[in-house]
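First up is the structure itself, then whatever we jot down about it.
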Amino acid sequence: MRGDAEQSHGFEVLASWVREHDGRVDRRLSLQHDAASGTRGVVASADIEANTEILVVPWKLVIGGSGEASRLGTDDDDAKRMCALIDAYEHILATADPWYAPYVRMDGSMRGLPQPMLWSDAALEALQGLPPQDCKRHVQWYIRICLSGERPQEDLQESQLHALVSFITRSSDRGLIPVYDLLNHHNGLRNVAIDAREDSVAVVTLQKVTAGEQLYNSYGEGWSHELFRDYGFVEPWPQLWGIGDTLRYYFLLFPDNVVEIMPEKISMHDRRGRTLAERSAAAATRTASLSMEQLAEFAGAARAFLQSLPTTADEDEALLSSFTASSFPNVNQSHTFGKETMLHLAIDYRRTYKRAIETAMTVAMRGMLDNSRDEL
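In the working numbering, each number is its position in the sequence shown, counted from 1, plus 135.
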């Protein structure tokens, strides 16, 4: 495919640019298209051992990063640095700065499917009140804090929106890091980590990466609806869903309908160092240890919540089948998305959310049945 060849060439140009300016990019890294997910990813072309330094980027190439002490956080000073990062990248985009051309060429933030923060009001209403209920929070924060005022989103320049979306979806707490921010997210399969140094930021493998395996970083751990709000997707596993506005009831969802109901905090966040099979087994064991009362309370809350929604997952499925192919185009191409595309994404997400709750409710009810048999 021509698009894949262009992406591969663009990656090599970017890697050469980093190398030409005192950085290092492991030559076993390549950018490839994953047909299953429809996304691009950084893949190992040969085996890479654990603790291998696969990338070193000097601070002069990191947009918004000036050194090891530049780590972003949440206080007022950090807000200023975040605004400065967005402003710096907006200037690069608006002026077509040739210095960063290899980086900008590989920035797909505004290509592919639109982020929820860019959705129309009709698409947001189609979420039926499900979390996330604050899809516009980043745009509102940017206008209020970085632009010091109130204005409609429609008044923002294209370069401003582009810089904001890139900051939210691509930046680490060290800034926009060339090559590193092309890695995809997967909390369950994360295999690299950042090492910030005085003169550069490095990326190191956490474990052996075999040839053909994708390299993953983590965009952060938290609720699946927050990941969707910020990045526009739900990771395959583990998914952390909540029920109701207060998220009082929650669960982890793994492949093959394995559910950990009301997981303990440690199991929600300590996800590295174990295989999927081991994590799934631990999740099933935890759920099996719950009492009849705990399972019944959870199942009741799940059922009541699903019944409170305007449509069922099956009805959403039928709605999705009525959309035309043009409403859900190839994510590797650049498009001006219409309302139908955004509506399709909203319905697909709410269907996914409901299916997850249905699965958890079924597991809880099965556990209740097993408990009742044990009591006989």
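The beta carbon of each residue, even a glycine, is placed where N, CA and C say it ideally should be.
query                                                                                                           : result
D269 to N392 span [Cα, whole Å]                                                                                 : 29 Å
Q374 (DSSP reduced to helix, strand or coil)                                                                    : strand
A423 beta carbon less than 8 Å from that of E395                                                                : no
Nearest candidate by alpha-carbon position, reference E188, set P398, P373, L350                                : L350
E432 - containing beta strand (DSSP E), residue span                                                            : Taken as a continuous stretch (DSSP letters only), E432 belongs to no beta strand (DSSP E), being part of the alpha helix (DSSP H) at 427-443.
Residues sharing a beta bridge with N319, DSSP                                                                  : Y351
Sheet register partners of Q167 (DSSP bridge)                                                                   : G176
The beta strand (DSSP E) enclosing V239, as first and last residue numbers                                      : Where V239 is concerned, there is no enclosing beta strand (DSSP E), although the alpha helix (DSSP H) it sits in stretches over 236-240.
Candidates T487, I280, D380: closest to S443 by CA position                                                     : D380
Cβ contact check for the segment 312-324 and the segment 342-358: 3 or more pairs under 8 Å                     : yes
First and last residue of the uninterrupted beta strand (DSSP E) at E188                                        : 188-193
Beta-carbon separation (whole angstroms), M496 vs R409, contact threshold 8 Å                                   : 26 Å between Cβ atoms; not a contact.
CA nearest to the CA of L311, picked from E361, L291, L220                                                      : L220
CA-to-CA distance, V160 to I183, given in whole angstroms                                                       : 13 Å
Bounding residues of the alpha helix (DSSP H) (the contiguous stretch that carries F302)                        : 293-305
Backbone secondary structure at W243 - three-state DSSP                                                         : Position check: residue 243 holds Gly in this sequence, whereas Trp was assumed. Coil at G243, not helix or strand.
Spatial neighbours of A337 in its chain, beta-carbon cut-off 6 Å, leaving aside the 5 residues before and after : E188, V191, D330
Extent of the continuous beta strand (DSSP E) run through E514                                                  : Beyond the ends of the chain as shown, which are 136 and 511, falls residue 514; an answer cannot be given.
Chain C contact for L296 (CB, 8 Å cutoff)                                                                       : Absent from the structure is chain C; it holds one protein chain and no more.
Backbone secondary structure at G367 - three-state DSSP                                                         : coil
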